[in-house]
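Student: Input: one structure, supplied below.
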Amino acid sequence: MAIDNAEGLWMHALATRLFPICRSLTGDGVRKTLSILKEHLPDLMLHEVPSGTTCFDWTVPDEWNIRGARLIGPDGNEVVNFADHNLHVVGYSMPIDTEIDLADLQAHLFSLPDMPDAIPYVTSYYNRNWGFCLTHNQRSKLKNGRYRAIIDSTLVPGALTYAELVIPGSSSKEVFISTYVCHPSMANNELSGPVVATQLAVWLKSLPSRKWTYRIVFIPETIGSITYLSKNLSRLKESVIAGYNVSCIGDDRAYSYLPSRDGNTLSDRAARHVLGILAPDHKVYDFALHRGSDERQYCAPGVDLPIASVMRSKYANYPEYHTSKDDLTLVTPAGLQGGYNALRRCLETIEIEETYVCNQLCEPQMGKRGLYSSLGQRSTTASVATRMNILCQCDGQTSVIEIAERLGVASWELRPFFLELLQHGLISPKA
Numbered sequence: 000m001a002i003d004n005a006e007g008l009w010m011h012a013l014a015t016r017l018f019p020i021c022r023s024l025t026g027d028g029v030r031k032t033l034s035i036l037k038e039h040l041p042d043l044m045l046h047e048v049p050s051g052t053t054c055f056d057w058t059v060p061d062e063w064n065i066r067g068a069r070l071i072g073p074d075g076n077e078v079v080n081f082a083d084h085n086l087h088v089v090g091y092s093m094p095i096d097t098e099i100d101l102a103d104l105q106a107h108l109f110s111l112p113d114m115p116d117a118i119p120y121v122t123s124y125y126n127r128n129w130g131f132c133l134t135h136n137q138r139s140k141l142k143n144g145r146y147r148a149i150i151d152s153t154l155v156p157g158a159l160t161y162a163e164l165v166i167p168g169s170s171s172k173e174v175f176i177s178t179y180v181c182h183p184s185m186a187n188n189e190l191s192g193p194v195v196a197t198q199l200a201v202w203l204k205s206l207p208s209r210k211w212t213y214r215i216v217f218i219p220e221t222i223g224s225i226t227y228l229s230k231n232l233s234r235l236k237e238s239v240i241a242g243y244n245v246s247c248i249g250d251d252r253a254y255s256y257l258p259s260r261d262g263n264t265l266s267d268r269a270a271r272h273v274l275g276i277l278a279p280d281h282k283v284y285d286f287a288l289h290r291g292s293d294e295r296q297y298c299a300p301g302v303d304l305p306i307a308s309v310m311r312s313k314y315a316n317y318p319e320y321h322t323s324k325d326d327l328t329l330v331t332p333a334g335l336q337g338g339y340n341a342l343r344r345c346l347e348t349i350e351i352e353e354t355y356v357c358n359q360l361c362e363p364q365m366g367k368r369g370l371y372s373s374l375g376q377r378s379t380t381a382s383v384a385t386r387m388n389i390l391c392q393c394d395g396q397t398s399v400i401e402i403a404e405r406l407g408v409a410s411w412e413l414r415p416f417f418l419e420l421l422q423h424g425l426i427s428p429k430a
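Residue numbers (numbering that gives the first Met the number 0): 0 to 430.
Following this line, the structure appears as structure tokens:
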């Protein structure tokens, strides 16, 4: 598939619109984000789970919202202002309005000495605290004296909000796609996932038919997936045949693959096939050593869903990760387009994956079916060879992915040939 960046430009524009919103595990930033996605996905259903709800070993936290925050120096000038960048405030900071000496303030300040012009992303979800994040250059210039710290936030019982979209197919078996909407203004480790998942949903809905049903969820990371699983685990274990956790899919430096815990699910086989063709130099990570996002929950023992991850630069493996440098210059239209293309090809591969049996003993007579030409044209000969090569492998044991890899072609390029052979009754799905 040629990359013309049309979808990439659309996704980058959507990310640009969402970027300024301050998201967290809960709160109005999440709701605003989901309401914008719903403009493009009208069937998106929003759900709210009250604070205090028990979800396995976890509890849905109080809802956090923030209106503003400032740190004012001894000279009366602002050191940082939440309005300038929402990473300036530690996520889930409790409300505060106090004067404090610099020595005591330092325990509430966070910066990165090795990235002195970047603002770090810091949170305190489950411990009541407060703080400010700033560049190390700013921090190193702070003068002794009294500072005023003002954080205008609320941290009270409310709800955790998530959204879900179901796109029906001819089978009730599902492909599950999960992405998260809980990070503030960072582009690769947040917005790339939701915008690519949205574009995938738009594409899936445009198809005239689908073999599988697709379920796409937009949730806060960790507590969101745990909450969702606690409410839906039995159904998911019964229905989900493949799926992907979608995150860090928007830069243009690399392609990465993190397998499911099983390592050989349909999701894994499709991802390895697609990336082997689109990005042969992609990086492969080890689930046991390198997991770090919601695949931890979906692949946990006893959950065991077939969820893998296809990414561009993997979380925690690029310099800008969890800083203000993870911005809309790091994530590009071309990077988003490439990530979208890879995941779309994975879904196309999952759609066509099947094991077929040949309905004829020996080679069938192709000419009487209009599938063989005596003209000897090169393109015609290639098509005939492809048909015959497919038939040769339809033994009830070899899948479409395996046939494609034996023939050295992409599975999606074989789709019209399989459909043609099915139409002529030459092959049938293995019973």
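Using N, Cα and C, we set each Cβ at its ideal position, and we do this for glycine too.
If you're wondering where the values come from, they're calculated on a predicted model, not measured in any experiment.
I need the DSSP call for methionine 310, collapsed to helix, strand or coil.
Tutor: Numbered from its first residue, the sequence shown carries residue 310 at position 311. Looking at methionine 310 - three-state DSSP - the assignment turns out to be strand.
Student: Would you call the CB atoms of leucine 199 and aspartate 42 closer than 8 Å?
Tutor: Here residue 199 is taken as the residue at index 200 of the sequence shown, counted from 1. Here residue 42 is taken as the residue at index 43 of the sequence shown, counted from 1. Not a contact, by the Cβ cut-off of 8 Å.
Student: The alpha helix (DSSP H) spanning isoleucine 71 covers which residue range?
Tutor: As a position in the sequence shown, residue 71 is number 72, starting the count at 1. Isoleucine 71 -> not in any alpha helix (DSSP H); beta strand (DSSP E) instead, spanning 62–71.
Student: Distance cutoff 8 Å, beta carbons only. Does alanine 287 sit that close to anything in chain B?
Tutor: No chain B is present in this structure, which holds just one protein chain.
Student: Return the residue from the list Ser224, Glu419 and His107 that minimises the CA-CA distance to valine 245.
Tutor: For the purposes of this step, residue 245 is identified with residue 246 of the sequence shown, where counting begins at 1. Nearest of Ser224, Glu419 and His107 to valine 245, Cα basis: Ser224.
Student: For valine 59, verify whether its CB is less than 7 Å away from any heavy atom of the ligand SAH.
Tutor: What this structure holds is no ligand at all, so the ligand SAH is not there to describe.
Student: In terms of DSSP beta bridges, what is isoleucine 402 paired with?
Tutor: Locating residue 402 in the sequence shown gives position 403, counting from the first residue. In the DSSP output, where bridge partners are listed per residue, isoleucine 402 has none listed.
Student: Relative to the alpha-carbon of leucine 104, which residue among Leu86, Ile71 and Gly90 has its alpha-carbon at the smallest distance?
Tutor: Here residue 104 refers to the residue found at position 105 of the sequence shown. When each option's Cα is compared against that of leucine 104, the closest is Ile71.
Student: Is it buried or exposed, methionine 44, if we count other Cβ atoms within 10 angstroms and call 16 or more buried?
Tutor: The count along the sequence shown starts at 1 and reaches residue 44 at position 45. With fewer than 16 other Cβ atoms within 10 Å, it is exposed.
Student: Kindly provide the ranges of any beta strand (DSSP E) runs that are 3 or more residues long and lie completely inside the region 185–260, ordered along the chain.
Tutor: Correct list: 212–218, 239–245 and 255–257.
Student: Let's see if you can read the secondary structure: which residues bound the alpha helix (DSSP H) around asparagine 136?
Tutor: As a working mapping, residue 136 is identified with position 137 in the sequence shown. 135–139 is the span of the alpha helix (DSSP H), which, as asked, contains asparagine 136.
Student: I'd like the list of long-range same chain contacts for isoleucine 95, defined as Cβ closer than 8 Å, with 5 residues on each side in sequence excluded.
Tutor: In the sequence shown, residue 95 corresponds to position 96, counting from 1. Taken in chain order, the residues that qualify are Trp129, Ala148, Ile149 and Ile150.
Student: Around the Cβ of lysine 313, are there at least 16 other Cβ atoms within 10 angstroms (buried) or fewer (exposed)?
Tutor: Residue numbering aside, residue 313 sits at position 314 when the sequence shown is read from its first letter. Buried, by the Cβ-count rule.
Student: Ends of the alpha helix (DSSP H) at serine 266?
Tutor: Translated into the one-based positions of the sequence shown, residue 266 becomes position 267. Element bounds for serine 266: 265–277.
Student: For a test of the three-state rule: what should DSSP assign to leucine 418, helix, strand or coil?
Tutor: In the sequence shown, counting from the first residue as 1, residue 418 sits at position 419. DSSP places leucine 418 in helix when its eight states are reduced to three.
Student: To which residues does DSSP link asparagine 80 through a beta bridge?
Tutor: Position 81 of the sequence shown, counted from the start, is the residue given in the question as residue 80. In the DSSP output, where bridge partners are listed per residue, asparagine 80 has Arg69.
Student: Is it buried or exposed, isoleucine 55, if we count other Cβ atoms within 10 angstroms and call 16 or more buried?
Tutor: For the purposes of this step, residue 55 is taken as residue 56 along the sequence shown, with counting starting at 1. First, the residue type needs correcting, since residue 55 is phenylalanine and not isoleucine in the sequence shown. Counting Cβ neighbours within 10 Å, phenylalanine 55 comes out exposed, since fewer than 16 surround it.
Student: What number of angstroms, rounded off, separates the C-alpha of aspartate 394 from the C-alpha of serine 255?
Tutor: Counted from its first residue, the sequence shown places residue 394 at position 395. Counted from its first residue, the sequence shown places residue 255 at position 256. Their backbone Cα atoms lie some 33 Å apart in a straight line.
Student: Do threonine 397 and threonine 348 count as a contact pair if the criterion is CB distance below 8 Å?
Tutor: Within the sequence shown, the letter at position 349 stands for residue 348. Within the sequence shown, the letter at position 398 stands for residue 397. Cβ distance not < 8 Å, so threonine 348 and threonine 397 don't count as in contact.
Student: Following the continuous beta strand (DSSP E) through threonine 153, name the residue where it begins and the one where it ends.
Tutor: Position 154 of the sequence shown holds residue 153. From DSSP, the beta strand (DSSP E) with threonine 153 extends over 145–155.
Student: My understanding is that serine 184 touches leucine 86, with C-beta atoms under 8 Å, so please give their C-beta distance in whole angstroms.
Tutor: Residue numbering aside, residue 184 sits at position 185 when the sequence shown is read from its first letter. Residue numbering aside, residue 86 sits at position 87 when the sequence shown is read from its first letter. Confirmed, about 6 Å.
Student: In whole angstroms, give me the CA-to-CA distance for phenylalanine 109 and lysine 204.
Tutor: The sequence position of residue 109 within the sequence shown is 110, counting from 1. The sequence position of residue 204 within the sequence shown is 205, counting from 1. Roughly 44 Å separates the two Cα atoms.
Student: Enumerate in chain order the residues of its own chain whose CB-to-CB distance from asparagine 143 is below 6 Å, with the five nearest sequence positions on each side excluded.
Tutor: Translated into the one-based positions of the sequence shown, residue 143 becomes position 144. Around asparagine 143: Leu101.
Student: Drop a sphere of 10 angstroms on the beta-carbon of arginine 145, count the other beta-carbons inside from all chains shown, and report buried for 16 or more, exposed for fewer.
Tutor: Sequence index remark: in the sequence shown, residue 145 carries index 146 (1-based). Its Cβ having fewer than 16 others within 10 Å, arginine 145 is exposed.
Student: Could you tell me which residues DSSP puts in a beta bridge with histidine 46?
Tutor: Indexing the sequence shown from 1 puts residue 46 at position 47. Its beta-bridge partners are Tyr161.
Student: Quick one: Cα of glutamine 376 to Cα of glutamate 412, how far?
Tutor: In the sequence shown, residue 376 corresponds to position 377, counting from 1. In the sequence shown, residue 412 corresponds to position 413, counting from 1. Confidence is the limiting factor: at glutamine 376 the pLDDT is only 47, short of 50, which leaves the residue's position unreliable and the question unanswerable from this model.
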